[in-house]
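These notes are about the structure you will find just below.
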Amino acid sequence: MITTPQLNTPLPGPKAKAIIARDAHVVSPSYTRGYPLVIERGYGAMVEDVDGNVFLDCAAGIAVTATGHSHPDVVNAITEQAQRFLHMSGTDFYYEAQVKLAEDLAAVVPIDGGVRSFFGNSGTEAIEACIKLARYATKRDNLIAFLGGFHGRTLGALSLTASKAIQRRGFGPMMPGVYHAPYADCYRCPLGLKSESCAAECIDYIEDQIFLHLVSPDEVAAIVVEPIQGEGGYVVPPDKFIQRLRELTTTHGILLVADEVQSGMGRSGKMFAIEHTGVRPDMIAIAKGIASGMPLGVAAARADIMTWPPGAHASTFGGNPVSCAAAVATIKLLKARLIANAAEVGAHLMAALKALEGKHPLIGDVRGRGLMIGVELVRDRKTKERATDERDAVVTAAFERGLLLLGAGRNAIRFSPPLVLSKAQADTAAKIFDEALTQVERSRR
Ligand SMILES: Cc1ncc(COP(=O)(O)O)c(C=O)c1O
């Protein structure tokens with residue numbers, strides 16, 4: 446098994462070029478391909494393209510392939526299930542895989558009391574289920590989310606999403622009753638405060654501005670928050686931000702929904718990122734890493750909240766048995782070794798990336814938890830001018846050296862590798878990142 450990048454052709458190679466040319470005619474142009482990678486196969490944290498080039502994957506299909514590409518235990522679980530039956534619709538019939546997964550989730554989600562799970566196929570559907578359940582359970586209409594947040598692209602979830610304007614442009618009007626508050630991005634404090642004196646004043650904004658001027662708290666069904674902002678730039682808020690949010694929601698009978706679609710399933714070094722704060726939410730949206738790449742989205746909720754009657758909400762494909770089998774195998778692997786590996790190798794990678802700060806003026810901030818690490822690039826450390834073009838150039842330069850990265854937010858780079866990444870591979874990633882930064886910094890002088 447190859448564990449470091451090996452490039453044999455110029456990129457893209459001839460086979461990749463041909464497939465990309467066909468794609469250009471028939472596939473939706475709304476997709477955001479940053480560089481021309483055409484995958485042929487993957488194993489562990491490595492990806493091979495159609496021309497035989499091998500890459501180290503620190504993107505994991507947008508933070509999805511938690512157990513690595515095609516982990517044998519997951520593939521066996523999928524194969525075994527697929528040979529028996531592919532579909533029956535868990536909304537109208539029963540099968541054990543869905544029950545077993547709901548039991549396994551009930552045992553691991555940090556929600557108090559009994560837990561029930563609703564199954565969909567994606568992160569956005571998990572959020573839609575949370576929105577509908579919050580409105581149904583509270584009999585209130587309004588929702589609060591955060592600037593910079595990403596919750597999906599179906600219209601309910603999109604109304605919560607406030608990441609990039611292009612994601613909303615041309616699709617209005619949004620769902621009514623959604624208000625946005627500043628997120629605790631302490632590197633760029635939305636209130637201009639210093640992190641040493643921060644008491645999570647962005648929560649005051651909800652009380653002093655939103656509740657005073659826009660909507661009464663007794664008409665707010667839920668506050669939806671990413672415990673670590675993903676698409677928004679891998680922003681880690683202080684724990685007290687989430688803790689104060691819990692206090693506020695409890696005071697006003699508002700439900701707290703943790704969107705763990707990106708930060709969940711071991712990526713942060715705990716099963717769910719909110720566990721780092723000690724806060725117990727009322728609902729959790731889960732997707733991405735849960736089934737190692739098979740489509741699955743889950744809205745897990747306090748059992749006393751999820752009391753909607755038969756017919757209220759369902760999905761034909763949701764909780765597909767093959768996806769459920771993959772998820773059960775994934776959770777087993779995460780608990781056995783991979784969450785601990787994410788914490789350990791994540792700390793190692795974080796230290797290696799932080800060590801580059803002294804050498805590269807482009808690096809403004811390195812932050813994260815476990816194997817969810819963001820590096821924000823700036824043109825000037827004092828003014829924090831965003832280095833968006835440089836960020837894109839670094840991602841491309843890394844690709845050209847065999848490292849797969851993704852941007853996040855306007856000027857950050859995310860490291861979201863499969864949770865099987867080894868320390869040696871983390872070192873390789875940091876080394877290539879170092880070289881890519883050097884190349885871009887030289888070219889900008
Ligand atoms: C935090 C968060 N919520 C929701 C979503 C939407 O998930 P999906 O693309 O599976 O619909 C994403 C996707 O990136 C996400 O990061």
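Using the working numbering, the first residue of the sequence shown is number 446, and each one after it goes up by one.
Even glycine gets a Cβ: it sits at the ideal position worked out from N, Cα and C.
Owing to the predicted nature of the structure, the values given are computational and were not obtained by experimental measurement.
Whole angstroms is fine: what's the gap from residue i's alpha carbon to residue j's?
i      : j      : result
ALA757 : LEU636 : 41 Å
PRO740 : LYS827 : 43 Å
ASP872 : GLY698 : 47 Å
LEU693 : PHE538 : 40 Å
PRO457 : VAL472 : 19 Å
THR833 : ALA748 : 44 Å
ALA490 : GLY847 : 12 Å
GLU664 : MET751 : 19 Å
PHE717 : ILE858 : 22 Å
ARG889 : GLY565 : 46 Å
GLU485 : ASP494 : 5 Å
LYS777 : SER515 : 15 Å
ASN521 : ALA771 : 9 Å
GLY497 : TRP753 : 51 Å
TYR624 : PRO459 : 49 Å
ILE892 : ARG529 : This structure cannot settle anything about residue 892, because the visible part of the chain is limited to 446 through 890.
GLN870 : ASP879 : 14 Å
ALA774 : ILE731 : 16 Å
ASN765 : ARG689 : 37 Å
VAL560 : GLY506 : 29 Å
ARG892 : LEU546 : Since the first and last residues shown for the chain are 446 and 890, residue 892 lies out of range.
GLU789 : ASP684 : 21 Å
VAL811 : PRO755 : 47 Å
CYS634 : SER640 : 8 Å
SER768 : LEU638 : 45 Å
ILE465 : ALA504 : 20 Å
Go ahead and label residue i buried or exposed: buried means 16 or more other beta carbons lie within 10 angstroms of its beta carbon, across all protein chains shown.
i      : result
PRO474 : exposed
MET710 : buried
ILE611 : exposed
HIS913 : No answer is possible for residue 913: the residues shown for the chain start at 446 and end at 890.
PHE616 : exposed
GLN526 : buried
ILE523 : buried
ILE572 : buried
LYS584 : exposed
LEU798 : buried
THR569 : buried
MET795 : buried
ALA874 : buried
GLY742 : buried
GLU541 : exposed
ILE784 : buried
LYS733 : buried
HIS596 : buried
GLN386 : Given that the chain is displayed from residue 446 to residue 890, the structure contains no residue 386 and the question cannot be resolved.
MET862 : Note that residue 862 corresponds to Pro in the displayed sequence, not to Met. Buried, because 16 or more other Cβ atoms sit within 10 Å of the Cβ of PRO862.
GLU821 : buried
ALA667 : buried
GLU548 : exposed
Which residues does DSSP list as the beta-bridge partners of residue i?
i      : result
ALA745 : SER562, ILE729
VAL492 : GLY487, PHE500
ASP810 : GLU821
ALA403 : Here the chain has residues from 446 to 890 only, and residue 403 is not among them.
ALA626 : PHE591
ALA857 : GLU821, ALA853
ARG712 : DSSP lists no partner for ARG712.
SER867 : SER867 is not bridged to any residue.
LEU848 : LEU501
ARG831 : VAL823
SER737 : MET739
GLN451 : VAL499
Please look up how many angstroms separate the CB atoms of residue i and residue j, rounded, as I've assumed it's under 8 Å.
i      : j      : result
VAL706 : ARG814 : No, VAL706 and ARG814 are not in contact; Cβ-Cβ is about 16 Å, not under 8 Å.
GLY809 : ALA853 : 14 Å between Cβ atoms; not a contact.
ALA590 : LEU605 : 4 Å
ILE877 : ALA843 : 6 Å
ASP727 : ILE556 : 7 Å
ARG824 : GLU830 : 4 Å
SER642 : GLU671 : So it is not a contact: roughly 24 Å between Cβ atoms.
LEU801 : LEU701 : About 36 Å; that fails the 8 Å criterion.
GLN674 : GLY803 : Actually they are not in contact, since the Cβ atoms of GLN674 and GLY803 sit about 26 Å apart, beyond 8 Å.
VAL840 : TYR480 : 7 Å
ARG712 : ALA508 : 6 Å
Taking 8 Å as the line, does the beta carbon of residue i fall inside it for any heavy atom of ligand 2?
i      : result
GLY568 : Judged by which ligands are present, ligand 2 is missing from the structure shown, whose ligands are ligand 1.
Residue ranges of each alpha helix (DSSP H) run of no fewer than 4 residues wholly in the stretch 506 to 583, ordered along the chain?
517 to 529, 541 to 553, 568 to 583
Could you tell me which whole alpha helix (DSSP H) segments of length 4 or greater appear in the stretch 641 to 691?
List check, alpha helix (DSSP H) in window: 647 to 650.
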